[in-house]
Structure formats: C-alpha cells, structure tokens
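Peer 1:
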Amino acid sequence: MSETQPSRIAILGAGQLALMLAEAAKTLLVEVSCAGQESDCASRVAKVITVDLEDASEVANFAKSSDVVTIETENIDISIVEGLPLAPNARAIGIAQDRLAEKLFLQSCGISCAPFRSVDSVQDLRSAVQELGFPAILKTRRMGYDGKGQKRIYSDGDLDGAFEDLGKVPCVLEGVVRFDAEVSLIAARSRTGEIVFYPLIENVHREGILRRSTVPFAGVTNAMQSQAEGYLKRTLEELEYVGVLAVEFFVVGGKLVANEMAPRVHNSGHWTIEGSKTSQFENHLRAILGMKLGSTDSVPTVMLNCIGKMPSAAETATTPAVWRHDYGKTARPGRKVGHLTLPGSQHEAIERWYLLLNPEE
Ligand SMILES: Nc1ncnc2c1ncn2[C@@H]1O[C@H](COP(=O)(O)OP(=O)(O)O)[C@@H](O)[C@H]1O
Ligand SMILES: [Mg+2]
C-alpha cells in the first residue's frame, strides 16, 4: 500500500471513536464502513452496516469488502475476529480485554503495576485482601469501562456483597494507589515499525469516568516522558502492534505505575484533533493503512468531557475559543455525549466550563 493508494477500512463498532476515525478518514480520502446499528453516532459521517458483532458469519461478511479491520472497543469476541486482517492484532486485543492478562503482560515488559491478585471466588477474595489490605478495588477481568465493573472494598463486611454485585465472575483485586496524578501516554506504531508519541496527558476522573485531559501534564519531567515512551516502545514491539495504543498510569512520587492499556484511540487523546499536527485518529488510520505517520507536535490544550448532557452551540458560542464535539447521542446520566476542546491558555474559560459540566463539585 502506498500513500497514493487509498484503502477500505472496516471498523467494528460505530460509536464516537468510530465517528472521529471516520472524520479523519475523510481527510485521507479513504473509505470507512462501521459495523453497528443505524442509530449509532458514526452514521452521521460514515456508512454504518447493521452487524451482530457476536455472530461470526455476519462479521466475516461485513469484513470481506475491506482491506483492513480495526476496532473501537477491545470488548469483542476474539474467536470471531481472529481470522480477519485486524490491526491492532488479535493477541494485543486479547491481552487488553482481560485485566489479569494485561497486568501479567505489562509486568513481563518490566512495567510496574498496582499490587494485584487474581480472584475467582469469595475464598480467593478473602485471602487476597489479607495480603493487599484495605482499601482495595475489586474489578471484573473483562468488560469494564468508565468505572463500571468495579467495587471499592473497605472492610471484611464488603467482601461477599462486592463479589456478588460484580456477578461472581473472574476478577482481580487491586490495592488502592494513592496517586499524585493520573496520566496517559498515546503512541502509534506503523507497519514498518516507526513509532511516534504524544506528550504525557494529565487525566482527571470522577466516579471512574474521565472528566478532563490536559496537555502538557504540569508535573512532567524529561525523565518521566522518556520512561513512559520506553514502556510503550517495549509494549508495542513485543506485541508487533500496528495502530494507536494508549497506556494509563498513576504518578506516585514521580514514578509511573501502569493502570491499564487500551488497544485503540483513547478518550484522553481527543484534544489531538485541534492540539496536534496529526490527530490520534489520523495516525491510527495512517498506521493501519501502511502509511508514514504524521507529526505529533502539540500545543497546550485541554479536553473536557460532556457527561450526561451536551451544552448547546449557543452556550459554547459565548466562549470565543472552544471546539464543540457533539456525538449526537441521546442524553442519559453517566453517558459520554460529547467533548469540548480549549486552548490551554484559556484558564478562566477552562475552569468555568469544567464547573458547568461537573456541577456537583
Ligand atoms: N488501583 C487503583 N487505585 C486508585 N485508583 C484507581 C485504581 N484503579 C482504578 N482507579 C480509579 O478508577 C478509574 C477507572 O479505573 P480503570 O481501571 O482505569 O477502569 P476503566 O476501564 O473503567 O477506565 C481510574 O482512572 C482511577 O481514577
Ligand atoms: Mg481506565
């Protein structure tokens, strides 16, 4: 494949990540089709085909008219997608969709994680808390997102209820990390092994949901950026990875402790649309199409998530420098319905919008 030879991309999923990938595809003049439901938000800019992602023959049929298949969520059945021309590959997705496999893999790459234990029963949970102590967090190994599939555990009295509330499925127990900040690093690796990194991003979560991403991270040092880049380089190369990968870290006393990885474009990278020479979405497409990657030169930028409710265009128009991304989803409490991006220099407007979007604080 060359830059002059556009290709056809199939995306498994049609939510906001597929929507923004499809927007980036337009600038590269490549054709995108998404597997999902007609009502999914990517249908505003791309062809969305109704596909049951749990049906192997429907998925194979959807993928056959494309040259490369990519994902917007790691929560897919690997046995269904294994034979497809997937980027990133099935091994990377398989590891990232299972918190236990993910932690063991990150550790095998020399990356430290929060203390954890595998939990398959209440008995396991009992011995795990004896080792890790309170407070701790019980997380389902699979299908967690936006803080779902997690329970905090403060005392012995919480054990049975927590395991039961999570559906008695395989879990991991993690010690609570007393972090100074949360950050993420986003990187892209091309088919020829070229790797580019964005600057470390500071992330603020509430109730397990990302609220704000800021670049640059105020506490970043050259040593920290290099350490994070070294970790991602090892991860990408070990997995023979093609596409965008994000790793979330806790910052503890200037050191990075990995939390989890996402084998796809990431919510903490939405600011790259306006804040970087090449967005994470364009670099993901460039990577999977076999193109050269674009520059990640970036300027100070802040992204604020709109959770549960999207401010109207008239409301955001009162701020001169704000980019409003409305995913066109039905508003629902806790649901990501859009985001705002602001230049990092607009301190007053950033704080004002943060409070408007997160009124309980
Ligand atoms: N071990 C931990 N210690 C402290 N905070 C944690 C821990 N695990 C998760 N959290 C908090 O919960 C958020 C969501 O957890 P995470 O494991 O990233 O799940 P999700 O898949 O929902 O993003 C994290 O960004 C962090 O704020
Ligand atoms: Mg997370």
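Sequential numbering of the sequence shown, starting at 1187, is according to our numbering.
Cβ coordinates follow ideal geometry from the N, Cα and C atoms, glycine included.
None of the values given here were measured: they were computed from a predicted structure.
Which residues in the same chain have their Cβ closer than 8 Å to the Cβ of G1394, if we skip the five residues on either side of it in sequence?
Peer 2: Cβ within range, chain order: D1332, G1333, K1334 and Q1336.
Peer 1: Have a look at G1520 and R1397 and give me their C-alpha separation to the nearest angstrom.
Peer 2: If you take the alpha carbons of G1520 and R1397, they lie about 11 Å apart.
Peer 1: Go ahead and pull the three-state DSSP assignment for T1190.
Peer 2: Residue confidence for T1190 is low, a pLDDT of 47 falling below 50, so the modelled location carries little weight and cannot support an answer.
Peer 1: Taking 6 Å as the cut-off, does the CB of E1240 come closer than this to any heavy atom belonging to ligand 2?
Peer 2: False, no ligand heavy atom lies under 6 Å from that Cβ.
Peer 1: Strictly under 7 Å for the Cβ-Cβ distance: is A1287 near chain B by that measure?
Peer 2: Here there is only one protein chain, and chain B is not present.
Peer 1: Which whole-angstrom value is the C-beta distance of F1383 and A1373, which I expect to be below 8 Å?
Peer 2: With 8 Å as the limit, F1383 and A1373 qualify as a contact, their Cβ atoms being about 5 Å apart.
Peer 1: Where does N1524 land, buried or exposed, given buried means 16+ other C-beta within 10 angstroms?
Peer 2: First, the residue type needs correcting, since residue 1524 is Gly and not Asn in the sequence shown. Buried: at least 16 other Cβ atoms inside 10 Å.
Peer 1: Considering S1399, what are the terminal residues of the beta strand (DSSP E) in which it resides?
Peer 2: Run containing S1399: I1395 to V1401, per the beta strand (DSSP E) assignment.
Peer 1: Would DSSP call R1364 helix, strand or coil?
Peer 2: Coil.
Peer 1: Excluding sequence positions up to five away, which residues of its chain have a Cβ less than 8 Å from the Cβ of H1452?
Peer 2: Taken in chain order, the residues that qualify are S1370, I1372, V1430, A1432 and Q1466.
Peer 1: Suppose you measure from the CA of M1187 to the CA of R1472; what does that come to, to the nearest Å?
Peer 2: At M1187, the pLDDT of 46 sits below 50, so the modelled position is not reliable; the number obtained from the coordinates is stated separately. Roughly 11 Å separates the two Cα atoms.
Peer 1: Could you tell me the alpha carbon to alpha carbon distance between I1195 and K1250, rounded to whole angstroms?
Peer 2: Each residue's alpha carbon lies about 10 Å from the other.
Peer 1: Along the chain, where does the alpha helix (DSSP H) that runs through V1501 open and close?
Peer 2: In the sequence on display, residue 1501 carries Glu and not Val. Unbroken alpha helix (DSSP H) run through E1501: A1499 to T1502.
Peer 1: Once DSSP output is grouped into helix, strand and coil, what is the label at A1322?
Peer 2: Strand, per DSSP.
Peer 1: Name the one or two DSSP bridge partners that I1555 has.
Peer 2: With the chain represented from 1187 up to 1547, any question about residue 1555 goes unanswered, as that position is not in the structure.
Peer 1: Please state the DSSP three-state secondary structure of E1426.
Peer 2: DSSP places E1426 in coil when its eight states are reduced to three.
Peer 1: Please list, in chain order, all residues of the same chain as E1468 whose beta carbon is under 8 Å from its beta carbon, the five residues on each side excluded.
Peer 2: Within the same chain, E1468 has close Cβ partners A1210, T1213, L1214 and G1480.
Peer 1: Going by DSSP, what residue range makes up the alpha helix (DSSP H) through D1351?
Peer 2: From DSSP, the alpha helix (DSSP H) with D1351 extends over L1345 to D1351.
Peer 1: Please list, in chain order, all residues with a C-beta atom less than 7 Å from at least one heavy atom of ligand 2.
Peer 2: Working through the chain, the matches are E1434, N1445 and E1446.
Peer 1: Please report how far the alpha carbon of E1189 lies from the alpha carbon of H1470, in whole angstroms.
Peer 2: Confidence is the limiting factor: at E1189 the pLDDT is only 46, short of 50, which leaves the residue's position unreliable and the question unanswerable from this model.
Peer 1: For the 8 Å Cβ check, are there 3 or more pairs between the stretch 1449-1463 and the stretch 1293-1304?
Peer 2: Short answer: they don't touch.
Peer 1: Check for me: the beta strand (DSSP E) holding R1392 runs from which residue to which?
Peer 2: From DSSP, the beta strand (DSSP E) with R1392 extends over I1387 to R1392.
Peer 1: Does ligand 1 have a heavy atom nearer than 6 Å to the CB of V1390?
Peer 2: Checking every heavy atom of ligand 1 against the Cβ of V1390, none is found closer than 6 Å.
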